[in-house]
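J.: Mind looking over this structure? Questions follow.
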Amino acid sequence: MLIKPLGTIAWIGPLFQPNQTGCWDCFAQRWRDNRPIEEFINRKKEGAKLLTPPLGFSQATIQTTLNIAATEIFKWIIQKGNPRLVGNLITYDHLTLQTQNHILVKRPQCHSCGNVFNKQPLPVVLGHRKKAFTADGGHRFCSPEETLRKYQHHISPITGVVRELAKIPSQGLLHTYVAKHHFRNVFNNLDSLRQNMGGRSAGKGRTDSQARASGFCEAIERYSGVFQGDEIREQGSYEKLVEKAIHPNQCMIFSEEQYQNRKEWNVECKGWFQKVPEPFDETRIIDWTPVWSLTAQEFKYLPTSYCYYGYPESDSSDLLDCWSDSNGCAAGNTIEEAILQGFMELVERDCVALWWYNRLSTPQVDLDSFDQPYFQQLKQYYQSLNRDLWVLDITSDLNIPCFAAISPRKDREVEDIVLGYGAHFDPEIAISRALTEANQILPNVVSFQEDGTTNYPPSADVLALKWWQTATLINQPYLVPNNEVIAKKSSDYFQLASDDLLEDVKLCQQIVEKNDMELLVLDQTRSDVGLRVAKVIVPGMRHMWKRLGLGRLYDVPVKMGWLKESLKEEELNPFPMWM
């Protein structure tokens, strides 16, 4: 049993029970994950003594802790057990007199006490899953309340994957949560440490419970995508594995011009997600990760550095030829739910890229035609902030409803334009996702100085700041509805969703294959968490970031009759999508 009597917060427990609870290594792994700065220094300076005694304690606080611990040990001996401490750490705050429980998770993949070590990749096997919740955010196997009840023991600053889940203060209609987390494996250099120390995921929804579950699940999704070292891999060069390997630029889709001008661009641009990598070296021996092709029913291979955050090769960004991002990643109560959510994100980003970079003029959506009071209430709330709010239909050739919510400030020259996007088989869900994403961005631009100038948060992205301060409806006219086209009504949309998550996934697959593409899935579920996580990959579909290689970005607008001819690369929107 652990006892920490020093400091303002005392620890009592957990009590380790062999074959029943997690072991010391299970505990230490989670504890280290939540101490990223010490771990970063430890990796960079071997032998550095980092464990210094806490300063906030006295003989009285030490004695109090030891007395409590002695009582618990005595109960353990007399009762031949102490269920309250078995696999549970109790903290006692000497300042507030509050106690808190921190569950010790037994890690099946732990090299000291675990027994789950897959050496061979397993196919992604899908099954029928009836939907139980379709009201907000997406279609789910169970309600957000049930999801949180099942997995909330992973929230802890000591033994958790999520350090904290907190609501952003706002009006009643806006529900946004921030899930704070620090994934130490991602910090490979000082720059990445600085950028990620504020590590957090965000959740949104029409209701408080949906926003809370959304923020929590996004944090678990991010954790599951971090490279841990026990992932199944195969070594080789693209040249040797070409029959089963997928070239990473089939997924990233940078242009030749972007590669040629990468050094100048990377100096100018801010934020890693806008940077351009080195051209991929097809002769270099690297690690490859198996991903399951639902289309071909076989494994294909992608670079591990493309599949997982914090892969060790990432030490030098100047030498990187590909890296991972969260596009297509999603958590769900079942693998089918995760795949559906991940695919809808791919669709959303693909639609945004086509609309944004081609600066397409698209129809407005008549929100009043939907039987959803929340839409009207939200419009009224934005009006109270001196803001307009409308939704554009940016659906692509895939015919899956996709929308962009646009909200400019209308009382000042600086318009602080807020954006939000959403895609789903259910058009009402897709619109709701776009609106709630706009809600998620809104707090960045609603604090003002006495003269009405916006107070932007210090942590705001440089590109986002430039957008808010310079973008207007005049210089970005594609944000304005196309009034030459009749506004879309709810009756214009068909209900594509079924009552079964598997049937929806099959429909996703059919749509992909009908457009001569392939649906791939990487199961990133971590056995110590349990919540299913999938990274969905469709080579050829576009990210909304500035990746300007040939393909759908140029072909679809002409195919759909939106443009008479494809734009040249230099004619595309020069402002990168910053979200």
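1741 is the number that the working numbering gives to position 540 of the sequence shown; each next residue is one higher, with no gaps. For every residue, glycine included, the Cβ atom is placed at its ideal position computed from N, Cα and C.
Distance check for residue 1621 and residue 1640, CA to CA, integer angstroms please.
T.: Along the sequence shown, read from residue 1 onward, the residue named residue 1640 stands at position 439. Along the sequence shown, read from residue 1 onward, the residue named residue 1621 stands at position 420. Roughly 8 angstroms separates the two Cα atoms.
J.: Is residue 1416 helix, strand or coil by DSSP?
T.: The count along the sequence shown starts at 1 and reaches residue 1416 at position 215. Residue state, collapsed to three classes: helix.
J.: What is the DSSP secondary structure of residue 1273, counted as helix, strand or coil?
T.: Reading the sequence shown from its first residue, position 72 is the one you call residue 1273. Of the three classes helix, strand and coil, the one that applies to residue 1273 here is helix, per DSSP.
J.: If we ignore side chains and look at the alpha-carbon of each, how far apart do residue 1221 and residue 1283 end up?
T.: In the sequence shown, the residue the question calls residue 1221 occupies position 20. In the sequence shown, the residue the question calls residue 1283 occupies position 82. Taking the straight line joining both Cα atoms gives about 13 angstroms.
J.: May I ask which residues mark the beginning and end of the alpha helix (DSSP H) holding residue 1435?
T.: Numbered from its first residue, the sequence shown carries residue 1435 at position 234. Taken as a continuous stretch (DSSP letters only), residue 1435 belongs to no alpha helix (DSSP H), being part of the beta strand (DSSP E) at 1435–1437.
J.: May I ask you to report which of helix, strand or coil DSSP gives residue 1518?
T.: Residue 1518 sits at position 317 when you count from the first residue of the sequence shown. With a pLDDT of 49 at residue 1518, under the threshold of 50, the modelled position of that residue is not reliable, and the figure given next carries that caveat. DSSP places residue 1518 in helix when its eight states are reduced to three.
J.: Report the CB separation of residue 1329 from residue 1698 in whole angstroms; it is logged as a contact under 8 angstroms.
T.: The residue you call residue 1329 lines up with position 128 of the sequence shown. The residue you call residue 1698 lines up with position 497 of the sequence shown. Actually they do not touch by this definition, with Cβ atoms about 15 angstroms apart.
J.: Need the endpoints of the alpha helix (DSSP H) that residue 1234 sits in, please.
T.: Stepping through the sequence shown from its first residue, residue 1234 is reached at position 33. 1225–1234 is the span of the alpha helix (DSSP H), which, as asked, contains residue 1234.
J.: Check the DSSP bridge columns for residue 1355 and list the partner residues they point to.
T.: For the purposes of this step, residue 1355 is taken as the residue at position 154 of the sequence shown. DSSP, once it has assigned bridges, lists no residue as partnering residue 1355.
J.: Would you check if the stretch 1437–1446 and the stretch 1456–1463 touch, i.e. whether three or more CB-CB distances between them fall below 8 angstroms?
T.: no
J.: Helix, strand or coil for residue 1220, going by three-state DSSP, please let me know.
T.: Working through the sequence shown from its first residue, we reach residue 1220 at position 19. Three-state result, residue 1220: coil.
J.: If I follow the unbroken alpha helix (DSSP H) through residue 1671, where does it start and stop?
T.: Counted from its first residue, the sequence shown places residue 1671 at position 470. 1663–1671 is the span of the alpha helix (DSSP H), which, as asked, contains residue 1671.
J.: Please identify the residue among 1425, 1469, 1413 whose C-alpha is closest to the C-alpha of residue 1526.
T.: The residue given as residue 1526 occupies position 325 in the sequence shown. The closest CA to that of residue 1526, considering only 1425, 1469, 1413, is found on 1425.
J.: With DSSP run on the structure shown, which of helix, strand or coil describes residue 1343?
T.: Here residue 1343 refers to the residue found at position 142 of the sequence shown. DSSP places residue 1343 in the coil class of the three-state scheme, outside both helix and strand.
J.: Using the rule of at least 16 other Cβ atoms within 10 Å of the residue's Cβ for burial, across every protein chain shown, is residue 1485 buried or exposed?
T.: Locating residue 1485 in the sequence shown gives position 284, counting from the first residue. Classification of residue 1485: exposed, given that the 10 Å Cβ count is below 16.
J.: Determine the burial state of residue 1660: buried for a count of at least 16 other Cβ atoms within 10 Å of its Cβ, exposed for fewer.
T.: The count along the sequence shown starts at 1 and reaches residue 1660 at position 459. With fewer than 16 Cβ atoms within 10 Å of its Cβ, residue 1660 is classed as exposed.
J.: Which of the three DSSP states is assigned to residue 1524 in this structure?
T.: Residue mapping note: residue 1524 aligns to position 323 of the sequence shown, counting from 1. Three-state DSSP puts residue 1524 in coil, outside helix and strand.
J.: Candidates 1658, 1650, 1559, 1617: which alpha carbon is nearest residue 1745's?
T.: Taking the first residue of the sequence shown as position 1, residue 1745 is located at position 544. Considering only alpha carbons, the answer is 1559.
J.: Are the stretch 1532–1549 and the stretch 1722–1739 in contact at 8 angstroms, needing three or more beta carbon pairs?
T.: yes
J.: Do you know how far the Cα of residue 1206 is from the Cα of residue 1264?
T.: Here residue 1264 corresponds to residue number 63 of the sequence shown, with the count starting at 1. Here residue 1206 corresponds to residue number 5 of the sequence shown, with the count starting at 1. Looking at the two C-alpha atoms, the distance is approximately 8 angstroms.
J.: For residue 1409, collect the residues of the same chain with a Cβ closer than 7 angstroms to its Cβ; drop the 5 residues on either side in sequence, then sort them by chain order.
T.: What you label residue 1409 is simply residue 208 of the sequence shown in a count that begins at 1. Once the five neighbours on either side are set aside, the close Cβ partners of residue 1409 are 1376.
J.: Going by C-alpha to C-alpha distance, which of 1504, 1467, 1406, 1430 sits closest to residue 1448?
T.: Locating residue 1448 in the sequence shown gives position 247, where the first residue counts as 1. If we check each option's Cα against that of residue 1448, 1504 comes out closest.
J.: With distance defined between alpha-carbon atoms, name the residue in 1696, 1569, 1756, 1556 nearest to residue 1678.
T.: If you number the sequence shown from 1, residue 1678 lands on position 477. Nearest option by C-alpha distance: 1556.
J.: Which stretch, first to last residue, makes up the alpha helix (DSSP H) that contains residue 1463?
T.: In the sequence shown, counting from the first residue as 1, residue 1463 sits at position 262. Counting along the chain, the alpha helix (DSSP H) containing residue 1463 begins and ends at 1463–1469.
J.: Checking 8 angstroms against the spacing of the C-beta atoms, do residue 1289 and residue 1302 come in under that value?
T.: Translated into the one-based positions of the sequence shown, residue 1289 becomes position 88. Translated into the one-based positions of the sequence shown, residue 1302 becomes position 101. Cβ atoms of residue 1289 and residue 1302: closer than 8 angstroms.
J.: Are residue 1374 and residue 1502 close, meaning C-beta to C-beta below 8 angstroms?
T.: The residue labelled residue 1374 in the question sits at position 173 within the sequence shown. The residue labelled residue 1502 in the question sits at position 301 within the sequence shown. It is not a contact, given that the beta carbons lie outside the stated cut-off.
J.: Give a yes or no on contact between the stretch 1343–1353 and the stretch 1641–1648, applying the rule of three or more CB pairs nearer than 8 angstroms.
T.: no
J.: Count the other CB atoms within 10 Å of the CB of residue 1215; is the residue buried (16 or more) or exposed (fewer)?
T.: In the sequence shown, the residue the question calls residue 1215 occupies position 14. With 16 or more Cβ atoms within 10 Å of its Cβ, residue 1215 is classed as buried.
J.: Do residue 1732 and residue 1378 come within 8 angstroms of each other at the CB atom, strictly closer than that value?
T.: Along the sequence shown, one-based indexing puts residue 1378 at 177. Along the sequence shown, one-based indexing puts residue 1732 at 531. Not closer than 8 angstroms, so no.
J.: Just how far apart, CA to CA, sit residue 1474 and residue 1618?
T.: The residue you call residue 1474 lines up with position 273 of the sequence shown. The residue you call residue 1618 lines up with position 417 of the sequence shown. Roughly 21 angstroms separates the two Cα atoms.
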